[in-house]
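These notes are about the structure you will find just below.
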């Protein structure tokens with residue numbers, strides 16, 4: 009039998025136990041339970057942690073921020089609000105411009121999209137919708153019709169942004185923000201300029217390259233969180249922004265880091281970062297990032313031409329030359345592969361077991377980030393062509409031997425002509441010391 013008595017917030021419970029025997033024993037146990045008085049839940053305010061401060065006027069191009077409990081108004085302009093404690097504004101309010109970041113990935117020497125939430129001296133309203141409780145990465149899309157840009161200017165900086173704040177192993181939600189005027193070379197800009205028919209090619213590339221990594225489909229901020237039809241604003245528990253200096257573009261004035269432009273030190277020491285990205289991407293694909301190539305399988309792999317409006321080299325001819333040179337040595341020289349036609353997992357699996365990868369600079373070469381430790385990456389290039397070498401990236405790729413073979417641009421064939429014997433020697437050296 010239990011008897012409860014309450015008095016001034018204290019509940020006293022008596023436990024009465026009866027024991028049947030020759031006599032009856034009565035045992036009373038008293039327990040005191042303190043009932044806390046009912047109080048309102050604490051107000052929700054925003055928090056921030058930003059890194060990359062330079063204390064210069066363009067500091068926003070270098071800065072990255074982790075914002076907590078920030079809200080989006082659901083309108084086309086994409087206005088976010090950062091909420092501070094009205095009772096302690098001096099301690100919790102960021103200084104003007106302190107939360108401004110670059111939402112675009114082209115470094116500090118090119119046009120960038122400045123993004124900054126509006127500081128509001130009031131807590132987050134009670135009647136808001138909360139987005140899924142996972143990290144959200146906010147960015148502006150750039151050149152999503154190109155494999156290299158999707159991998160190198162979206163997925164890579166997304167991960168770097170999360171990783172620097174300790175969320176590198178988390179599933180996350182990428183969110184693209186539409187801006188006006190359109191960001192040059194973005195998919196929307198390319199559609200408007202009739203570079204591409206519609207945005208479906210960009211959507212397909214993001215599904216192929218980004219979804220296996222993020223484990224979430226790409227969302228459009230203004231479309232997915234549009235307030236039309238919804239009564240309440242949406243808030244994010246963990247929002248990350250500021251990818252301006254987190255791709256391989258930094259201080260290079262050509263964006264694509266021509267071979268001759270050595271002044272960009274942005275990626276010096278960046279080899280471990282690329283390896284970390286490779287390791288995490290492969291882990292999420294279910295692949296072993298430490299797997300080593302087996303001699304006689306994928307010894308030499310050629311990347312086939314994908315761009316028809318830029319110079320290239322005759323990969324078929326180069327492959328035939330090497331196949332003849334190594335015919336009796338047990339070396340497999342694969343025919344040029346159109347990697348863009350393969351699922352991402354198969355692309356990574358092929359490259360991560362290759363001993364030598366031969367390619368031309370450009371977007372398709374970015375698959376080389378998945379080469380195994382000790383392998384060799386060979387670039388055929390020409391200063392005379394529209395060669396986009398991305399040298400700051402490849403020149404600092406520490407786990408791979410990078411070899412540059414310069415050729416001459418032929419205006420008649422629109423191809424880069426080079427010495428095949430030099431390629432053969434480079435491959436032989438690579439296979440010998442791999």
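In my numbering, the protein residues as written are 9 to 442.
Beta carbons: idealized from backbone N, C-alpha and C, even for Gly.
Does residue i pass the burial test, meaning 16 or more other C-beta atoms within 10 Å, or should it be called exposed?
i: residue 307; result: buried
i: residue 440; result: exposed
i: residue 241; result: buried
i: residue 349; result: exposed
i: residue 398; result: buried
i: residue 419; result: exposed
i: residue 327; result: buried
i: residue 129; result: exposed
i: residue 103; result: exposed
i: residue 57; result: exposed
i: residue 74; result: buried
i: residue 343; result: exposed
i: residue 161; result: buried
Per DSSP, what kind of secondary structure is residue i in: helix, strand or coil?
i: residue 47; result: Only weak support is given to the placement of residue 47: the predicted model assigns it a pLDDT of 43, under 50, and the question is left unresolved by the model.
i: residue 181; result: strand
i: residue 398; result: coil
i: residue 288; result: helix
i: residue 432; result: helix
i: residue 349; result: helix
i: residue 442; result: coil
i: residue 157; result: helix
i: residue 110; result: strand
i: residue 116; result: coil
i: residue 357; result: helix
i: residue 437; result: helix
i: residue 378; result: helix
i: residue 327; result: helix
i: residue 192; result: coil
Can you check whether the CB of residue j is closer than 8 angstroms to the CB of residue i?
i: residue 220; j: residue 352; result: yes
i: residue 261; j: residue 62; result: no
i: residue 255; j: residue 345; result: no
i: residue 184; j: residue 248; result: no
i: residue 290; j: residue 400; result: no
i: residue 357; j: residue 295; result: yes
i: residue 310; j: residue 359; result: no
i: residue 454; j: residue 90; result: The structure shown does not extend to residue 454, since the chain spans only 9 to 442, so no value can be given for it.
i: residue 59; j: residue 121; result: no
i: residue 239; j: residue 141; result: no
i: residue 158; j: residue 217; result: yes
i: residue 288; j: residue 224; result: no
i: residue 131; j: residue 107; result: no
i: residue 347; j: residue 340; result: no
i: residue 392; j: residue 416; result: yes
i: residue 227; j: residue 181; result: yes
i: residue 136; j: residue 93; result: no
i: residue 253; j: residue 115; result: yes
i: residue 250; j: residue 421; result: no
i: residue 298; j: residue 82; result: no
i: residue 304; j: residue 279; result: no
i: residue 423; j: residue 320; result: yes
i: residue 426; j: residue 388; result: yes
For residue i, write down the residues that DSSP places opposite it in a beta bridge.
i: residue 384; result: 364 and 409
i: residue 76; result: 55
i: residue 320; result: 423
i: residue 61; result: Note: residue 61 sits in no beta bridge, so no partner.
i: residue 138; result: 243
i: residue 89; result: 79 and 126
i: residue 418; result: 423
i: residue 144; result: 181 and 247
i: residue 390; result: Residue 390 is not bridged to any residue.
i: residue 311; result: 345
Would you say residue i faces chain B, with C-beta separation under 8 angstroms as the test?
i: residue 251; result: Of the chains in the structure shown, none is chain B; there is only one protein chain.
Ranges of the alpha helix (DSSP H) found wholly within the stretch 198-279, counting only runs of at least 4: 208-217, 219-222 and 229-232
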